[in-house]
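Numbering (UniProt numbering), first residue to last: 1 to 435.
Heads up, the thing below is written out as structure tokens.
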Amino acid sequence: MNRMLPFMCVILFTSTIIAQSMEPSSASTCVDSDLKCSLWASQGECQSNAMWMMANCRRSCQSCQGGDRAWKLRQLLAQSNSTSSSNATKNVFVESVRLNHVEMDEAKQMVKVFGRMVFSWNDSKVSWDKDQWGISWLNFYWVQIFTPQLIQINGPANNPGTITSKVLAANYTGQVYMWTDFNFAVPYNFVYTEYPNDYQRVCFKFDDKRYFSVRFSVSPELSNKQRAELTEVHISGWTVENLSVTDSKYVISILGDWKRDPFDIETNNCELCIGLRRNAVYYYTEIMLPALVTTLLSICSVLFQLSHTQYGVLAFSILSQILSLILLNSRMPTYTSSTPQIVVYAGFNLCTTAILFIGSLILRKLALSNNRVPPPHHVTMICDVIERILPINNSKESEISGEGEYSKVAHSFNILLFAIATFAYIIAITAVFII
């Protein structure tokens, strides 16, 4: 027995070597069958011609994960899967969104957004025993298992958005994840009502091109903004304030009774919306302050009570407003579907100042009138009430020489005119700058 022991050890060792030599290693099988595989892979053939490339250019297409065991598992799962459309609607979750770049073209009224989205869904046909295969995760190429065929449904016809699948992986439980890079473009009518501090909300709608075959749902983490990444987004002249992804219930009503809307069968299945505010650093210094300063000059000119100084201040205010309108016109967009509130206020300010200027000239002419007929008694009583409420007039220190009987009336109505203008200014400033 002792003599047979060395002989048995030699036989066992020899059989082990033969078995190892007969079993192909993962390193030896992870090779390209053609010298041009690397060139084809760089040209995107791994995605456009996935079935042939993954089988013959494993190294260039990085399809060697797990070695031959993973490859055999892919083939087994692919045989049990059918990528053809079925009558069933598959529920796909939008797990996360990250924005990389946003382009705002106000001349063409177009908005483009670039980023990445992660989708997940459960497919019972893509599950395996991880103890048997020794694999927990497995990556696929697109023709092997079911994947959503995503398209943008509200993009322009000449420049439609694109959604490119980058990574497709599955867990042994049948949970499939897909990482996609998207490039959306949408025509958008910019709203300039609050320009240059305007806020724009742009929405991009996407769906599966096989209508009603996929039902999109937003994950709770994404709804709570936990998986919405905005920190690294690049955009010029704007700030991205918020991002939201919403799923639509419209597909359910269409499937239930399409006659409710027979003219628009397209589904608004999922919608990505971003809120942007113009990054107008010059807003206060170049637009808001000139408007408020000229307003203050116009109102305070009443302190000079029908003197030459009052007319000079009003004339200077009008000139300053015209210059600020020229600056505002250079900042305004070329096309606008709505009138900005700052332009409305600038027009109101200029008109009010012009009315005050013309009214002051008329009242000064009244104050210098040589008419010896005294004003009516009820007019004098109104002037007394105005002086008691707004004690600005001081006839003893008046700069006007040769005053007539109507000097007191002119001064009182001048104060009343500016009081009405001040009240109108308060309403306008509240409506434009505060509310």
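Ideal Cβ placement from N, Cα and C applies to all residues, glycine included.
Helix, strand or coil at residue i according to DSSP, with G and I counted as helix
{"i": "Asp34", "result": "coil"}
{"i": "Glu221", "result": "helix"}
{"i": "Ala107", "result": "coil"}
{"i": "Ser401", "result": "Interpretation of Ser401 is limited by its pLDDT of 49, a score under 50 that renders its predicted location unreliable; the figure taken from the coordinates is listed afterwards. Looking at Ser401 - three-state DSSP - the assignment turns out to be coil, as it is neither helix nor strand."}
{"i": "Lys166", "result": "strand"}
{"i": "Asp384", "result": "helix"}
{"i": "Pro290", "result": "helix"}
{"i": "Gln149", "result": "coil"}
{"i": "Gln43", "result": "coil"}
{"i": "Ala70", "result": "helix"}
{"i": "Arg98", "result": "strand"}
{"i": "Ala228", "result": "strand"}
{"i": "Val118", "result": "strand"}
{"i": "Asn56", "result": "helix"}
{"i": "Val92", "result": "strand"}
{"i": "Phe216", "result": "strand"}
Under 8 Å between C-beta atoms of residue i and residue j
{"i": "Leu417", "j": "Leu356", "result": "yes"}
{"i": "Phe146", "j": "Phe119", "result": "no"}
{"i": "Lys90", "j": "Ser248", "result": "no"}
{"i": "Gly155", "j": "Phe184", "result": "yes"}
{"i": "Gln341", "j": "Val432", "result": "yes"}
{"i": "Ala410", "j": "Thr352", "result": "no"}
{"i": "Tyr188", "j": "Val111", "result": "yes"}
{"i": "Thr193", "j": "Ser324", "result": "no"}
{"i": "Glu229", "j": "Gly275", "result": "no"}
{"i": "Met117", "j": "Phe190", "result": "no"}
{"i": "Val293", "j": "Phe304", "result": "no"}
{"i": "Cys203", "j": "Cys270", "result": "no"}
{"i": "Ala70", "j": "Ile135", "result": "yes"}
{"i": "Trp128", "j": "Val176", "result": "no"}
{"i": "Lys205", "j": "Ile153", "result": "yes"}
{"i": "Gly174", "j": "Ser217", "result": "no"}
{"i": "Arg364", "j": "Pro196", "result": "no"}
{"i": "Tyr199", "j": "Arg98", "result": "no"}
{"i": "Leu306", "j": "Ser360", "result": "yes"}
{"i": "Ile415", "j": "Val302", "result": "yes"}
Proximity to residue i [Cα-Cα], best of the options
{"i": "Glu106", "options": "Ile145, Trp238, Thr246, Trp121", "result": "Trp238"}
{"i": "Ala78", "options": "Val233, Ala170, Ile434", "result": "Ala170"}
{"i": "Thr295", "options": "Gln305, Ala315, Tyr282, Arg278", "result": "Ala315"}
{"i": "Lys108", "options": "Arg388, Lys408, Gln305, Thr334", "result": "Thr334"}
{"i": "Thr162", "options": "Gln149, Tyr172, Thr173, Met381", "result": "Gln149"}
{"i": "Leu297", "options": "Gly134, Tyr284, Leu319, Thr285", "result": "Leu319"}
{"i": "Thr180", "options": "Ser96, Ser412, Ile429, Ala41", "result": "Ser96"}
{"i": "Ile382", "options": "Ala354, Ile362, Ser407, Phe413", "result": "Phe413"}
{"i": "Gln43", "options": "Ser60, Asn349, Val31, Asp32", "result": "Ser60"}
{"i": "Ser369", "options": "Ala354, Ser360, Tyr406", "result": "Tyr406"}
{"i": "Asn139", "options": "Asp131, Val126, Ile151", "result": "Val126"}
{"i": "Phe348", "options": "Ala428, Thr246, Ile434, Ser360", "result": "Ala428"}
{"i": "Asn100", "options": "Val302, His234, Ser33, Ile151", "result": "His234"}
{"i": "Leu327", "options": "Val379, Thr285, Thr336, Ala157", "result": "Thr285"}
Within-8 Å CB hit, residue i to chain B
{"i": "Cys37", "result": "Checking the listed chains, one finds no chain B in this structure; it contains a single protein chain."}
Cβ neighbour criterion (16 or more within 10 Å) applied to residue i
{"i": "Thr164", "result": "exposed"}
{"i": "Asn224", "result": "exposed"}
{"i": "Glu221", "result": "exposed"}
{"i": "Arg74", "result": "buried"}
{"i": "Phe423", "result": "exposed"}
{"i": "Gln321", "result": "buried"}
{"i": "Lys72", "result": "exposed"}
{"i": "Asp207", "result": "buried"}
{"i": "Arg58", "result": "buried"}
{"i": "Glu232", "result": "exposed"}
{"i": "Ser236", "result": "exposed"}
{"i": "Pro391", "result": "exposed"}
{"i": "Asn279", "result": "exposed"}
{"i": "residue 436", "result": "The structure shown does not extend to residue 436, since the chain spans only 1 to 435, so no value can be given for it."}
{"i": "Ala346", "result": "buried"}
{"i": "Leu39", "result": "exposed"}
{"i": "Ala291", "result": "buried"}
{"i": "Arg210", "result": "exposed"}
{"i": "Leu350", "result": "buried"}
Extent of the continuous alpha helix (DSSP H) to which residue i belongs
{"i": "Ala410", "result": "407-429"}
{"i": "Ala346", "result": "341-367"}
{"i": "Tyr199", "result": "Run containing Tyr199: none in the alpha helix (DSSP H); it sits in the beta strand (DSSP E), 199-208."}
{"i": "Phe304", "result": "Where Phe304 is concerned, there is no enclosing alpha helix (DSSP H), given that its DSSP letter is neither H nor E."}
{"i": "Gln132", "result": "130-133"}
{"i": "Asn139", "result": "Note, Asn139: premise wrong, no alpha helix (DSSP H); beta strand (DSSP E) at 137-139."}
{"i": "Gly312", "result": "308-331"}
Where the beta strand (DSSP E) through residue i begins and ends
{"i": "Val245", "result": "238-247"}
{"i": "Ile274", "result": "270-278"}
{"i": "Thr180", "result": "175-187"}
Any non-hydrogen atom of the ligand MN closer than 7 Å to residue i Cβ
{"i": "Ser223", "result": "Inclusion of the ligand MN in the displayed structure is not the case, the ligand content being empty and no account of it being possible."}
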